[in-house]
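To keep things clear, I will list the structure first and then write my remarks on it.
Residue numbers (the numbering used here), protein chains in the order written: chain B, 1289 to 1536; chain F, 9 to 174.
Written out as structure tokens, the structure is:
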């Protein structure tokens, strides 16, 4: 055996054992991270160990109930000008009617927080981005208001701010010339809370919305997703949405 | 001659120092509103004062990216906390447009134009003091454009006889 070949052999053996050692080390902290993720302290960055998601049961969703929409508007200070063509809409109620039977269903539609978001693909500046924990956001500091993302979104979930705003809330900065959409109430979620719409739905005793970590097998949302059949809207696009629906 | 120059200049500058305090009330130097609290026993602001005067924008910029992209919500360099400590929460407290506002008191003096407060709150907002926006109720329909109509059709297909196979 030449010296070179021998050296190669040693090197492979060494790399092999090193890799095993690293794997052994990596698994244990990984497990710990997963547990810590729920009680993330304020100075810890979000991690992909968590994927936030929402499950909406359309059978429980009240027809004519608008609690989630009002709660969202109030939480983020979304005041309209009475012009539905251009007013911001982060969440809307939609009525679907089966033309054959006449049965109607009601459901809220919001940003679906896709795993592969088309809005992020088309953004020319990087303003539209997905956080490590799956929440799709607009960094309005970078947004130039081109609205490509609004066209790319299959759910029409984004809004553009056309007019000057005043008296925005500290946790929901918004301004003219930028695009915005549902943030899963990221300011609440980062502090261990749940989105305002979910809270409002629960307060109305409809309990149609469940929010939680889809990566955590013990979370309520994961258990419900496992137990009941659910759908993604436009699943044919294979975006792997973070918002799932039951009953449609 | 040159050797004399420096001490003379230094003496002149010292002589001007009390003048600065006298002039402060006359609008030559900015009148910066006092903060509500100290950061710690030993420190007035979140970083030493001289550092803050020079570099506050760097701290805020860094915190901005950490918060938006990584969800880091520490309070030390947060713009919201700056406002909470430096701006009065009285209903008639000066807004950013006024030179009485903490940020603008200096920015107008230094001829700096910022756009932070086109989006961010320029005064503290106490939780619970929010007023419900004008059009907070009423179902919001999809916009009546072609894309909205097309999406509604796709949604409708979910419940009307078959829909997508998923």
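Yeah, the Cβ is synthetic: ideal placement off N, Cα and C, and Gly gets one too. Since we're looking at a predicted model, the values are computed, not measured.
Asked, Found
"Residue 38 (chain F) versus residue 52 (chain F) - alpha carbon distance", "19 Å"
"Chain B contact residues for residue 159 (chain F), given Cβ-Cβ distances below 8 Å", "1442, 1443 and 1444"
"Rounded separation between residue 91 (chain F) and residue 1487 (chain B) - CA only", "28 Å"
"Whole-number beta carbon distance between residue 1463 (chain B) and residue 1453 (chain B), since they are thought to touch under 8 Å", "6 Å"
"Extent of the continuous beta strand (DSSP E) to which residue 1393 (chain B) belongs", "1392–1398"
"Contact between the stretch 65–80 of chain F and the stretch 1434–1448 of chain B (3+ Cβ pairs under 8 Å)", "no"
"Residue burial classification, residue 99 (chain F) (beta-carbon count within 10 angstroms, cutoff 16)", "exposed"
"Nearest residue (CA-CA) to residue 1389 (chain B), options F:167, F:54, F:133 and F:132", "F:167"
"Assumed close pair residue 54 (chain F), residue 85 (chain F) - CB separation to whole angstroms, cut-off 8 Å", "6 Å"
"Heavy atom of the ligand NAP within 7 Å of residue 1529 (chain B) beta-carbon", "The ligand NAP is not part of the structure shown, which contains no ligands of any sort."
"Chain F contact for residue 1526 (chain B) (CB, 8 Å cutoff)", "no"
"Cβ-based neighbour list, residue 1529 (chain B), same chain, cut-off 6 Å, excluding 5 preceding and 5 following", "1400, 1402 and 1520"
"Under the three-state DSSP convention, the category residue 1467 (chain B) falls into", "strand"
"Top-ranked residue by Cα proximity to residue 1443 (chain B), from B:1411, B:1523, B:1460 and B:1449", "B:1523"
"Inter-residue Cα distance where the pair is residue 1424 (chain B) and residue 1417 (chain B)", "6 Å"
"Residue interval of the beta strand (DSSP E) (run including residue 1518 (chain B))", "Taken as a continuous stretch (DSSP letters only), residue 1518 (chain B) belongs to no beta strand (DSSP E), as it is neither H nor E."
"Residue range of the alpha helix (DSSP H) that includes residue 68 (chain F)", "57–78"
"Buried versus exposed, by CB contacts within 10 Å (16 or more), residue 1531 (chain B)", "buried"
"Bounding residues of the beta strand (DSSP E) (the contiguous stretch that carries residue 1382 (chain B))", "1379–1385"
"Burial state of residue 1458 (chain B) (16 or more Cβ within 10 Å)", "buried"
"Beta carbon proximity, residue 72 (chain F) to chain B, threshold 8 Å", "yes"
"Residue-level contact to chain F via CB, residue 1463 (chain B), 8 Å cutoff", "yes"
"8 Å Cβ cutoff, residue 175 (chain F) in contact with chain B", "Because chain F is modelled from 9 through 174, residue 175 (chain F) falls outside the range shown and cannot be assessed."
"Element boundaries [beta strand (DSSP E), containing residue 1416 (chain B)]", "1416–1418"
"CB contact below 8 Å: residue 1499 (chain B) versus chain F", "no"
"Any C-beta of chain F under 8 Å from that of residue 1456 (chain B)", "yes"
"Contact under 8 Å by Cβ, residue 1456 (chain B) with residue 128 (chain F)", "yes"
"Own chain residues within Cβ distance below 8 Å of residue 1357 (chain B), not counting five before or after", "1379, 1380, 1381, 1396 and 1485"
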